[in-house]
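Which chain is which? The protein sequence lines are A and B, in order. When you line the first sequence up against the working numbering, it's residues 137 to 682, in that order. When you line the second sequence up against the working numbering, it's residues -6 to 124, in that order. Report on one structure; see the data block that follows.
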Amino acid sequence: MGPDQKQAVLQKLAKLREEYRASLPGVLEAIALDAQRLETPATAEQLQSLYRKLHKLAGSAGSFGYPQLSAQARELELVLQGWIHGSEPDSNTRLQLLAQLTALDCEENVPSSTAVQAEGFTVQNIGTTKNLVYLIEDDHSVAQELTLALESFGYQVEYFDQLNEVEQAILSRRPDFLIADVLFSDADERGPQLIARLQNQLDDPLAVVFISSHDDFDTYLSAVRAGAIGYFVKPLDIATVIDCLESQLSLSAAAPYRVMIVDDDELLARHYKVVLEASGMRVEIVTQPTQVLTVMESFHPEVVLLDLNLPECRGYELAQIIRLNPAWLRVAIAYLSSEQDEQAQAHAVRHGGEDFLTKPISELRLVSAVTVRAARSRQLSDAIDRDSLTGLLKHGRIKEQVNVELERAARQNKPVSVAMIDLDHFKTVNDSYGHAVGDKVIRALSQLLRQRLRKTDSIGRYGGEEFVAVLPDCGPESAQKLLEAVRESFAALGFSVAGEHFNVTLSAGIATAAGPGENLLECADKALYQAKHSGRNCVVTAGEPE
Amino acid sequence: MSLNTILYVEDEPDIRTIAQLALETVGGFTLISCASGSEAVAYAQHTTPDLILLDVMMPEMDGPETLRLLRERPNMADVPAIFMTAKVQPSEVAEYLSIGAVDVIAKPFDPLMLAEQINSIWSRTKSQKYK
Chain A
137 MGPDQKQAVL
147 QKLAKLREEY
157 RASLPGVLEA
167 IALDAQRLET
177 PATAEQLQSL
187 YRKLHKLAGS
197 AGSFGYPQLS
207 AQARELELVL
217 QGWIHGSEPD
227 SNTRLQLLAQ
237 LTALDCEENV
247 PSSTAVQAEG
257 FTVQNIGTTK
267 NLVYLIEDDH
277 SVAQELTLAL
287 ESFGYQVEYF
297 DQLNEVEQAI
307 LSRRPDFLIA
317 DVLFSDADER
327 GPQLIARLQN
337 QLDDPLAVVF
347 ISSHDDFDTY
357 LSAVRAGAIG
367 YFVKPLDIAT
377 VIDCLESQLS
387 LSAAAPYRVM
397 IVDDDELLAR
407 HYKVVLEASG
417 MRVEIVTQPT
427 QVLTVMESFH
437 PEVVLLDLNL
447 PECRGYELAQ
457 IIRLNPAWLR
467 VAIAYLSSEQ
477 DEQAQAHAVR
487 HGGEDFLTKP
497 ISELRLVSAV
507 TVRAARSRQL
517 SDAIDRDSLT
527 GLLKHGRIKE
537 QVNVELERAA
547 RQNKPVSVAM
557 IDLDHFKTVN
567 DSYGHAVGDK
577 VIRALSQLLR
587 QRLRKTDSIG
597 RYGGEEFVAV
607 LPDCGPESAQ
617 KLLEAVRESF
627 AALGFSVAGE
637 HFNVTLSAGI
647 ATAAGPGENL
657 LECADKALYQ
667 AKHSGRNCVV
677 TAGEPE
Chain B
-6 MSLNTILYVE
4 DEPDIRTIAQ
14 LALETVGGFT
24 LISCASGSEA
34 VAYAQHTTPD
44 LILLDVMMPE
54 MDGPETLRLL
64 RERPNMADVP
74 AIFMTAKVQP
84 SEVAEYLSIG
94 AVDVIAKPFD
104 PLMLAEQINS
114 IWSRTKSQKY
124 K
């Protein structure tokens, strides 16, 4: 699905959600009315009618962004089911149930993105629509500079010069970030307090970045209490501010965790699967130990949940088999078994696994245990594959990726382009401003590349100030256009050190594969060399007349 | 064989609309939406879909009963079926599988992930079939 199409889907979803929101009061009123009309004892018909309404609500509310309401309805549905199949509850229980039924309400905060929830764990799907930033800044020149920089990174910025104006805007349309330059002096504490009060009205706190001229403990504390995810002291280094927003986004926009369940009790495994999937994970079930290696190869799980008592072999033997392959060291292995004996559990953990979860396990505990391990496994994976400064793929991995995409392109008979990008006169930046500033420039370019390129593109840090982007299904013209846009945005991005402003430019070489077996990296490198010789700050496509 | 046509049975109009978006626009499938089990059974007389996606709790004819009637038609006997439901306790899942469903998707579903979930079930079902 392309970005435009995804945006269209998100817009339609938002519209459907609006319609649903409008219909909710009627639905809740009908439930409350049914509850009030229940006779003593309640007739089977009355109970069935109420049960059906709750069941519908439980199913629909969650998909329309009301996870709490959905969970409440589901709980009440189960209670009512007990009532239908059992006997009339005592008068106290009955009163309590009726009170709950009439108290159902839709005043929960509807998230701006789609959410699914299981037992309190929410996974957000951030679309490729532009991220919205509200900016409060009374210094117009700072506001202008920040707005330009944010826009070049693909953010949509709305500007306010008064704090009280932004409050209404947040309540009517929630932004992804609030960047606020508010006074933190003793004389005027209203800023952070007002934002803290605003946060209290929201179920899900807003990500706030503060800009301030103070840097002492008390002001940091009031910023944290107002929900700060970042705090920057003037004069502002814009690249660092963007860095802060980007890392927050990459946290929430990550791909779903992949979990493999190895259990010969297929029904139980399926139950775990639905629970984990409802928390936004992807799950594969393996019931035969002999299938484990094949599924690992194709599915690349981040967490493996192993039953201890399996046909053919023991769970810990399977863990050891997985551990024999160095490529799977990053995979977290946890046992999920009804084995109660502590000795046996300890033995299993000593042999290949990392933890022991005992069946029966609550849904909450299962989801939290798997989430923690998956996050850890992904961190480890990133540490192995990715460059620590930029978060981009390391030299070896991006070279592999070039080959993977070349093969895919040959198979699908589609073009693939490779761009080699190099910062101009980077040595001068390092020599004049120091390596720490040089690092900031490198991070800024890596973020810009991530913003501008598609999800299916791969980006790597090839050398010190050299980057490689692999663009599948992208011909020479589109690649040239894309890189030109990156070049322009980057050249316009201002850096500042101790009040001194400077800009950095880049040169890029592009090569597109016309057939398999071509050395794309070498061709792109030659084109880059040409770009450098044509005066830098330009993009050259291999094969173009000089 | 790739997944193309899905016969979808759901009595709740809101959910039908959102699933239509999730499966047609996001997933690119052809969706035949039916508001009731009897509508689905009537449809199955003319055409054979690649997959059946059913709500469990529906008035008049519930999901399991709908599937049983669909299965009586020779052209529908081997079409994989998935139940969509909020009732996913092990005993409930066991019941759905015992009456011939290949998998269960939990409600509420995420509209942006539904197509991917169905694709993954589909490819697993196909690979098992041809093993």
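Ideal Cβ positions, reconstructed from N, Cα and C, are used throughout, including at glycine.
### Query
Taking the alpha-carbon positions, what's the Q666 (chain A) to V573 (chain A) distance?
28 Å
### Query
Could you give the distance in angstroms between the alpha-carbon of T229 (chain A) and the alpha-carbon of N267 (chain A)?
47 Å
### Query
What does T18 (chain B) touch in chain A if you count any residue whose Cβ is under 8 Å from its own?
Q141, A144, V145 and K148
### Message
Helix, strand or coil for R333 (chain A)? Go by DSSP, reduced to three states.
### Response
helix
### Query
Name the chain B residues that come within less than 7 Å of Y156 (chain A), Cβ to Cβ?
D7
### Task
Could you have a look at A667 (chain A) and say whether DSSP puts it in helix, strand or coil?
helix
### Query
Do G198 (chain A) and P104 (chain B) have their CB atoms nearer than 8 Å?
no
### Query
What does a CB cutoff of less than 7 Å around N(-3) (chain B) pick up in its chain, not counting 5 residues either side in sequence?
F22, T23 and D43
### DSSP state of I458 (chain A) mapped onto helix, strand, coil
helix
### Query
Where G263 (chain A) and Q427 (chain A) are concerned, what is the direct C-alpha to C-alpha distance, given to the nearest angstrom?
Bear in mind that a pLDDT of 31 at G263 (chain A), under 50, signals an unreliable position, so the number given afterwards is only what the model happens to contain. Taking the straight line from one Cα to the other gives about 35 Å.
#### Entry: Candidates A:A615, A:N539, A:P225 and A:D521: closest to S553 (chain A) by CA position
A:A615
#### Entry: Member of A:V344, A:P311 and A:F313 whose CA lies at the smallest distance from the CA of G327 (chain A)
A:V344
### Query
If you check the beta carbons only, do L516 (chain A) and A505 (chain A) fall under 8 Å apart?
no
### Message
For M417 (chain A), which residues in the same chain have their Cβ closer than 6 Å to its Cβ, ignoring the five residues on either side in sequence?
### Response
P392, Y393 and V395
### Message
Tell me the DSSP secondary structure of V398 (chain A) in three-state form.
### Response
strand
### Task
Give the secondary structure of M(-6) (chain B) by DSSP, where H, G and I count as helix, E and B as strand, and everything else as coil.
coil
### Message
Can you check which of these residues, A:Q236, A:L330, A:L500 and A:R188, is closest to Q208 (chain A) by C-alpha distance?
### Response
A:Q236
### Among B:E65, B:A70 and B:V97, nearest to P83 (chain B) - alpha-carbon criterion
B:V97
### Task
Please compile the residues from chain B whose C-beta is within a distance smaller than 8 Å of the C-beta of S199 (chain A).
I8, I11, K100, P101, F102, D103 and P104
#### Entry: Proximity winner among B:D48, B:D7, B:R9 and B:Q13, relative to A99 (chain B) (alpha-carbon distances)
B:D48
### Cβ-Cβ distance between R425 (chain A) and V467 (chain A) below 8 Å
Looking at the sequence itself, residue 425 (chain A) is Pro, so the reference to Arg does not match. Taking 8 Å as the Cβ cut-off, P425 (chain A) and V467 (chain A) do not qualify as a contacting pair.
### Message
Just to confirm the assignment, what range does the alpha helix (DSSP H) spanning P92 (chain B) have?
### Response
Before going on, a small fix: residue 92 (chain B) reads as Ile here, not Pro. That residue, I92 (chain B), is in no alpha helix (DSSP H); it is neither H nor E in DSSP.
### Query
Does the beta carbon of K192 (chain A) fall short of 7 Å from some heavy atom of the ligand FAD?
Because no ligand of any kind appears in the structure shown, any question about the ligand FAD cannot be addressed here.
### Query
What residue range is occupied by the uninterrupted beta strand (DSSP E) comprising S348 (chain A)?
A343 to S348
### Spatially closest choice to V13 (chain B) from B:S113, B:L107, B:W115 and B:R117, by CA coordinates
In the sequence as presented, Val is not what sits at residue 13 (chain B); that position holds Gln. Of the candidates B:S113, B:L107, B:W115 and B:R117, the one whose C-alpha sits nearest the C-alpha of Q13 (chain B) is B:L107.
### Message
Within 8 Å of any Cβ in chain B, is that where the Cβ of V439 (chain A) sits?
### Response
no
### Task
At 8 Å on the CB atoms, spell out the chain A contacts of V86 (chain B), in chain order.
L403, R406, H407 and V410
### Query
Could you give the distance in angstroms between the alpha-carbon of K184 (chain A) and the alpha-carbon of L240 (chain A)?
The sequence given here has Gln at residue 184 (chain A), not Lys. Each residue's alpha carbon lies about 18 Å from the other.
### Of the listed residues A:A375, A:D518, A:D401 and A:R588, nearest to L618 (chain A) (C-alpha basis)
A:R588
### Query
What did DSSP end up calling I8 (chain B) once you bin it into helix, strand or coil?
helix
### Query
For H191 (chain A) and chain B, any beta-carbon pair shorter than 8 Å?
yes
#### Entry: 7 Å Cβ cut-off: residues of chain B touching S222 (chain A)
The residue you asked about is not Ser; residue 222 (chain A) is Gly in the sequence shown. Simply none; closest approach about 17 Å.
#### Entry: Members of the stretch 172 to 196 of chain A that neighbour chain B once the beta carbon cut-off is set at 8 Å
R188, H191, K192, A194, G195 and S196
### Query
If you count every other CB in all the chains shown that lies within 10 Å of the CB of F353 (chain A), and 16 or more means buried, which is it?
exposed
### Message
Between the alpha carbons of L122 (chain A) and S206 (chain A), how many angstroms are there, rounded?
### Response
This structure does not reach residue 122 (chain A), given that chain A is present from 137 up to 682, and the question cannot be answered.
### Local Cβ density within 10 Å of C449 (chain A), reported as buried at 16 or more and exposed below that
exposed
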